[in-house]
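Asker: Counting from 17, one number per residue, gives the positions in the sequence shown under this note's numbering.
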Amino acid sequence: MQNEDFVNGLMAFIASSPTPFHAVRTMADILELHGYKQLQETDEWQLHDREPSGERFYVTRNDSSIIAFQLNQSLVENGLCMVGAHTDSPCLKVKPNPEIINNQYLQLGVEVYGGVLLNPWFDRDLSLAGRVSYLNESGSIEHQLIDFKKAIASIPSLAIHLDREANDKHTVDKQKHLPPILMKLPDSDIEQSADFKALLLKILNANEDTAQCKATRVLDYELSFYDVQPPSVIGLHDDFIASARLDNLLSCYTGLMALIENEGKQNALLVCNDHEEVGSMSAVGAQGPFLKSVLERLSGSDESTTRMLANSVLISADNAHGVHPNFADKHDANHGPLINSGPVIKVNANQRYASNSETGALFKHLCDLADVPVQSFVVRSDMACGSTIGPITASELGVKTVDVGVPTFAMHSIRELAGRWDAFYLYRVLKQLFM
Ligand code: ZN
Numbered sequence: 017m018q019n020e021d022f023v024n025g026l027m028a029f030i031a032s033s034p035t036p037f038h039a040v041r042t043m044a045d046i047l048e049l050h051g052y053k054q055l056q057e058t059d060e061w062q063l064h065d066r067e068p069s070g071e072r073f074y075v076t077r078n079d080s081s082i083i084a085f086q087l088n089q090s091l092v093e094n095g096l097c098m099v100g101a102h103t104d105s106p107c108l109k110v111k112p113n114p115e116i117i118n119n120q121y122l123q124l125g126v127e128v129y130g131g132v133l134l135n136p137w138f139d140r141d142l143s144l145a146g147r148v149s150y151l152n153e154s155g156s157i158e159h160q161l162i163d164f165k166k167a168i169a170s171i172p173s174l175a176i177h178l179d180r181e182a183n184d185k186h187t188v189d190k191q192k193h194l195p196p197i198l199m200k201l202p203d204s205d206i207e208q209s210a211d212f213k214a215l216l217l218k219i220l221n222a223n224e225d226t227a228q229c230k231a232t233r234v235l236d237y238e239l240s241f242y243d244v245q246p247p248s249v250i251g252l253h254d255d256f257i258a259s260a261r262l263d264n265l266l267s268c269y270t271g272l273m274a275l276i277e278n279e280g281k282q283n284a285l286l287v288c289n290d291h292e293e294v295g296s297m298s299a300v301g302a303q304g305p306f307l308k309s310v311l312e313r314l315s316g317s318d319e320s321t322t323r324m325l326a327n328s329v330l331i332s333a334d335n336a337h338g339v340h341p342n343f344a345d346k347h348d349a350n351h352g353p354l355i356n357s358g359p360v361i362k363v364n365a366n367q368r369y370a371s372n373s374e375t376g377a378l379f380k381h382l383c384d385l386a387d388v389p390v391q392s393f394v395v396r397s398d399m400a401c402g403s404t405i406g407p408i409t410a411s412e413l414g415v416k417t418v419d420v421g422v423p424t425f426a427m428h429s430i431r432e433l434a435g436r437w438d439a440f441y442l443y444r445v446l447k448q449l450f451m
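Set out below in structure tokens:
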């Protein structure tokens with residue numbers, strides 16, 4: 017695949033994946049197109065007693081985490097080449113009883129999910145998407161992904177005339193300042209117009225998937241706001257991709273493309289977990305049992321799993337901080353990754369990243385083979401270091417792991433910036449891994 021096709025595919029993937037649920041559905045659709053068959057966790061698989069011959073499978077959990085794999089040779093003897101990423105991004109999630117009526121405006125109460133950089137959320141055209149659970153006409157519970165698609169809300173800034181210190185000491189009160197405004201309510205029938213679950217019911221019944229069996233009552237939902245501005249290539253020489261959720265849909269897409277195009281002989285696996293942005297400790301997060309249970313079912317016994325994992329390697333891909341020219345002193349002078357200068361190996365002596373000299377060497381060698389430049393990142397010695405799914409998965413499984421990622425600006429903003437070449441470089445390296 018050429019860079020332009022890859023970048024266009026990445027941007028389309030992000031645009032159709034406003035939430036982890038949508039990201040998993042989009043990935044499953046692409047996997048199906050490439051011959052991957054869905055496995056259900058509730059079924060008996062019996063994969064461990066078969067001779068692998070290139071079968072391709074995927075399995076999801078909670079509609080928000082996904083594992084896909086291709087088995088080409090003996091798992092115990094050869095292990096797996098694995099790539100890990102996460103499907104979630106920091107955002108604003110709608111509260112269970114969300115309606116706020118204030119000065120005749122309808123607003124929705126929101127919870128902050130993960131480490132959101134809040135200021136960029138003001139003055140954006142916001143839409144809403146996620147999963148809704150409802151009762152249907154025949155009395156059973158159904159679950160449906162919804163996406164309003166159009167901009168239905170905004171969080172307007174306060175005018176500078178009403179806050180003269182806005183540019184010097186602006187802080188965001190998460191409870192008071194964030195509820196997005198959806199509409200000006202009419203003078204009468206206010207209660208009816210402001211019923212959020214009634215609005216969701218209307219959306220569900222307008223949806224083709226629910227049309228045959230009508231939704232009668234909304235029971236619950238997980239919905240989050242997102243910016244409707246589509247991803248775009250920007251810069252005088254088209255150097256950058258500007259988009260929401262580059263952390264970490266960029267790595268999900270990169271791993272997915274490397275997997276589906278792989279014609280190699282290795283056993284290849286991609287795992288994309290939800291809940292990284294809130295610490296990974298959940299039934300579907302990297303600290304939960306999802307990957308481990310899939311691997312145990314593939315290998316068949318404790319002994320085989322241990323032997324298989326000892327022969328395996330994981331590349332954990334999550335974006336890195338590029339050195340920002342206006343804030344260059346936030347980086348160690350010898351470890352400031354540049355955008356479009358290649359993927360970054362992330363190192364931390366205190367194991368906030370799982371890379372070690374053995375796995376770092378392997379990644380550098382793969383970059384050489386793929387003819388891709390490579391950089392390294394270590395946080396300044398006087399600053400705290402971030403983390404990702406790499407060390408969590410490594411400690412859950414005991415698998416050799418390297419933490420890598422493409423350098424970006426504005427991580428956790430509603431619009432982040434990455435290099436148009438870096439994601440493509442990483443894709444080439446991951447393809448090399450699967451060869
Ligand atoms: Zn991330």
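Backbone N, C-alpha and C fix where the C-beta goes; we use that ideal spot for every residue, glycine too.
Where does Ser69 sit, in a helix, a strand or coil, going by DSSP?
Answerer: Three-state DSSP puts Ser69 in coil, outside helix and strand.
Asker: Would the beta-carbon of Glu60 be found less than 7 Å away from any heavy atom of the ligand ZN?
Answerer: False, no ligand heavy atom lies under 7 Å from that Cβ.
Asker: Does the stretch 76–86 come close enough to the stretch 305–313 to have 3 or more Cβ pairs within less than 8 Å?
Answerer: Touching, yes, given that three or more Cβ pairs across the two stretches are closer than 8 Å.
Asker: Would you mind listing the beta strand (DSSP E) stretches within the stretch 177–222 that are 3+ residues and don't spill past its ends, in chain order?
Answerer: For the stretch 177–222, whole beta strand (DSSP E) runs of length 3 or above, ordered along the chain, are 197–200.
Asker: Compute the minimum distance between the beta carbon of Thr404 and the heavy atoms of the ligand ZN, and state whether it is under 7 Å.
Answerer: Yes, Cβ of Thr404 sits closer than 7 Å to a heavy atom of the ligand ZN.
Asker: With the cut-off set at 8 Å, would you say Val249 and Arg436 are in Cβ contact?
Answerer: Going by C-beta atoms, Val249 is nearer than 8 Å to Arg436.
Asker: Assess contact between the stretch 58–65 and the stretch 275–286, defined as three or more Cβ pairs (one per stretch) separated by less than 8 Å. Is contact present?
Answerer: Because the criterion of three Cβ pairs below 8 Å is not met, the stretch 58–65 and the stretch 275–286 do not touch.
Asker: Would the C-beta of Asp334 count as close to the ligand ZN, meaning under 7 Å from any of its heavy atoms?
Answerer: Checking the Cβ of Asp334 against the ligand ZN gives yes.
Asker: Where does Asp384 sit, in a helix, a strand or coil, going by DSSP?
Answerer: Helix at Asp384.
Asker: Apply the 10 Å Cβ neighbour rule to Ile117 and answer buried if 16 or more other Cβ atoms are within range, or exposed otherwise.
Answerer: Flag for Ile117 reads exposed.
Asker: On a CA-only basis, which of Lys362, Arg396, Leu314, Gly131 is nearest Arg72? Give me that one, please.
Answerer: Out of Lys362, Arg396, Leu314, Gly131, Leu314 has the C-alpha closest to the C-alpha of Arg72.
Asker: Say the cut is 7 Å; is the CB of His291 nearer than that to a heavy atom of the ligand ZN?
Answerer: It does not: the Cβ of His291 is nowhere closer than 7 Å to a heavy atom of the ligand ZN.
Asker: Look up Met98 in the DSSP assignment and say whether it is helix, strand or coil.
Answerer: If DSSP states are grouped into helix, strand and coil, Met98 belongs with the strands.
Asker: Just verifying my parser: in three-state terms, what is the DSSP assignment at Gln86?
Answerer: In this structure, Gln86 counts as strand in the three-state DSSP scheme.
Asker: Report yes if the C-beta distance between Ala434 and Phe164 is below 8 Å; otherwise report no.
Answerer: No, these two residues do not count as a Cβ contact at 8 Å.
Asker: Just how far apart, CA to CA, sit Asp189 and His347?
Answerer: In a straight line, the C-alpha of Asp189 is about 29 Å away from that of His347.
Asker: Hey, how far is the Cα of Leu155 from the Cα of Ala299?
Answerer: Just to set this straight, residue 155 is Gly in the shown sequence, not Leu. Answer to the nearest angstrom: the Cα atoms are 27 Å apart.
Asker: Quick one: using the 10 Å Cβ neighbour count with 16 as the cut-off for buried, is Gly146 buried or exposed?
Answerer: Looking at its Cβ environment, which holds 16 or more other Cβ atoms inside 10 Å, Gly146 is buried.
Asker: Does Leu63 come out as helix, strand or coil in the three-state DSSP assignment?
Answerer: Reduced to three states, the DSSP call for Leu63 is coil.
Asker: Does any heavy atom of the ligand ZN sit closer than 7 Å to the C-beta of Asp263?
Answerer: Result yes, Cβ under 7 Å from the ligand ZN.
Asker: What are the residues that DSSP puts in a beta bridge with Val92?
Answerer: DSSP, once it has assigned bridges, lists no residue as partnering Val92.
Asker: Taking 7 Å as the cut-off, is the beta-carbon of His193 closer than that to any non-hydrogen atom of the ligand ZN?
Answerer: No; taking the cut-off as 7 Å, the Cβ of His193 has no heavy atom of the ligand ZN nearer than that.
Asker: So, are the CB atoms of Tyr150 and Leu215 less than 8 Å apart?
Answerer: Not a contact, by the Cβ cut-off of 8 Å.
Asker: My guess is that Asp141 and Asp243 are in contact by the Cβ rule of under 8 Å, so how many angstroms apart are they, rounded?
Answerer: Going by Cβ atoms, the distance from Asp141 to Asp243 rounds to 7 Å, so yes, they are a contact pair.
Asker: With DSSP as the reference, label Arg233 as helix, strand or coil.
Answerer: Arg233 falls in the strand class under three-state DSSP.
Asker: From the DSSP output, read off the bridge partner residues of Ser259.
Answerer: DSSP lists Glu432 as partners of Ser259.
Asker: Can you tell which of Asp211, Asn366, Val132 has the C-alpha that lies nearest to the C-alpha of Ala400?
Answerer: Comparing Cα-Cα distances from Ala400 to each of Asp211, Asn366, Val132, the minimum goes to Asn366.
Asker: With H, G and I counted as helix, E and B as strand and the rest as coil, what does DSSP make of Leu55?
Answerer: DSSP places Leu55 in coil when its eight states are reduced to three.
Asker: With respect to the alpha helix (DSSP H) encompassing Tyr441, which residues constitute its N-terminal and C-terminal limits?
Answerer: Tyr441 -> alpha helix (DSSP H) spans 438–450.
Asker: Mind checking who Tyr129 pairs with in its DSSP beta bridge?
Answerer: Per DSSP, Cys107.
Asker: Where does the unbroken beta strand (DSSP E) through Ala426 begin, and where does it stop?
Answerer: First-last for Ala426: undefined, no H or E at that position.
Asker: Would DSSP call Phe379 helix, strand or coil?
Answerer: Looking at Phe379 - three-state DSSP - the assignment turns out to be helix.
Asker: By DSSP's criteria, Leu330 is part of a beta bridge. Which residues make up the other side?
Answerer: Per DSSP, Met98, Thr417.
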